[in-house]
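J.: Can you keep this structure in mind? I'll have questions shortly.
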Amino acid sequence: MTAQARSPAATKADTRAYYQAAADQLAMLPDASDPVSSALLLRQHYGAAGTLTALSSEVEQTFDAKLDDGQRLILKTSSRPEALGSFLFQSAVLDGLQGVDGVLAPKPIRTLSDRLIFEHEDTCGYLQTRMDGTPLHQAPCTPALMHEVGASLARLNHAMSNIQPPAARRPMLWNVACWTSLAELERFLPQDETARLVHCAMDDYACRIVPQAANLAWQITHNDPSPFNVIDTGNGIGFIDFGDGGWNPRVQDLAIAAGHFVKDPASRLGGAEHVIAGYASVAPLSSLEASLLPGLIRARQSALVLINTWRAHLFPDAAPYIMKNVARAEQGLAVLASLDHPAGEAAVRAAASLDPS
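Last residue of the sequence shown: 1051 in the numbering used here, with the numbers rising by one and none dropped.
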């Protein structure tokens, strides 16, 4: 079985069509926020009234809903046709995670007609609880906290492996099925050291990782456990924003989370060791996962640089939001640049046995 056969796109032609559909979605900004109309939808479909404040979002409209009874919820809406599949996926995943021991995620609120989402003329959406706490980009990242992030992510992955949501293989530019096509976005990068590192990482992904990817464990994953989407609630680590989720290698979530904490040039894995250790303490890594993880980290960092630089070129007014994680990815690529394949695998194996203290 080929890697493509395990991914959402099975053939070369399918891969190109999947990529183009995914790219077209991110070549548009979200609908203009309309708190008044969204408040009417909130009342009609949930029987709730309150004040809505627009939040930044990559695709859908997202609102902080402060209800008249004091509750704080999150409302997501969109008039795009592809949003229906995304909202069906997100709400089903959140519903499936409720009550799972050791997993913290928002709770979807059912409509007055007992549905996870609502559809109203050309608009659809869903309502969820708001997760309070400190996002990791605002928290001091101690080894103990990083270990708990990794362990919590492994528990999340295990829970998601038991969920079968609709639209899990919908086109998503952040899905690994698109990565071999991202080379065409390299022209948007300045011709500097980062561009060279991105090219090398994506070439390694296409030539070394893709041929072996079919032998990895594949499942539904979060696909964006960034420091903005991982919350220290005070009662455990929680995860929000499942909008990029879909069918991926299981270890992909670890690659993404660990990659955001590659900062320290004095460490072989840049400080991501404790995230890897925490994950492996709950879900031990296979030999293949340990071998491919450093390359997957670099490929995801490179995909982040490529996609966001391209979108910032399309939407310069939104560039500060779009580029919020790019500097971290560029730093991570630089830190990992000297790590060859054997050394990378050895570093991952050593990290997997680290003590949380």
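Glycine included, C-beta positions come from ideal geometry on N, C-alpha and C.
In this structure, does DSSP put T836 in helix, strand or coil?
T.: Three-state DSSP puts T836 in coil, outside helix and strand.
J.: Name, in chain order, the residues that DSSP records as bridge partners for W912.
T.: P943
J.: Per DSSP, what kind of secondary structure is V924 in: helix, strand or coil?
T.: strand
J.: By DSSP, does N803 sit in helix, in strand, or in coil?
T.: Checking the displayed sequence, the identity of residue 803 turns out to be Ile instead of Asn. Three-state DSSP puts I803 in a strand.
J.: Which residues share a DSSP beta bridge with H814?
T.: T817
J.: Return the chain-ordered list of same chain residues with a C-beta closer than 6 Å to the C-beta of D1049, the five sequence neighbours on each side being excluded.
T.: none
J.: What residue range is occupied by the uninterrupted beta strand (DSSP E) comprising A933?
T.: Per the sequence presented here, residue 933 reads as Phe, with Ala not at that position. F933: member of the beta strand (DSSP E) spanning 931 to 933, first to last residue.
J.: For F783, report the span of its alpha helix (DSSP H) as first-last.
T.: 777 to 791 is the extent of the alpha helix (DSSP H) around F783.
J.: Indicate the three-state DSSP secondary structure (helix, strand or coil) for I768 in the structure shown.
T.: strand
J.: Please state if the CB of S780 and the CB of A861 are separated by a distance shorter than 8 Å.
T.: yes
J.: If you check the beta carbons only, do I1016 and A1006 fall under 8 Å apart?
T.: yes
J.: By the three-class DSSP mapping on this structure, what secondary structure does G744 have?
T.: Strand.
J.: Considering only C-alpha positions, which residue in the set F933, L948, V892 is nearest to V1042?
T.: L948
J.: By the three-class DSSP mapping on this structure, what secondary structure does T874 have?
T.: helix
J.: Which value, in whole angstroms, describes the spacing of the CA atoms of L883 and A726?
T.: 28 Å
J.: To the nearest angstrom, report how far apart R766 and V924 are at their CA atoms.
T.: 19 Å
J.: Where does A907 fall in DSSP's three states?
T.: helix
J.: Does the Cβ of P730 have 16 or more other Cβ atoms within 10 Å, making it buried, or fewer, making it exposed?
T.: Before going on, a small fix: residue 730 reads as Val here, not Pro. Looking at its Cβ environment, which holds fewer than 16 other Cβ atoms inside 10 Å, V730 is exposed.
J.: Just the C-alpha distance for L746 and G764, rounded to the nearest angstrom, thanks.
T.: If you draw a straight line from the Cα of L746 to the Cα of G764, it comes to about 13 Å.
J.: Does the beta-carbon distance from V1020 to L998 come in below 8 Å?
T.: yes
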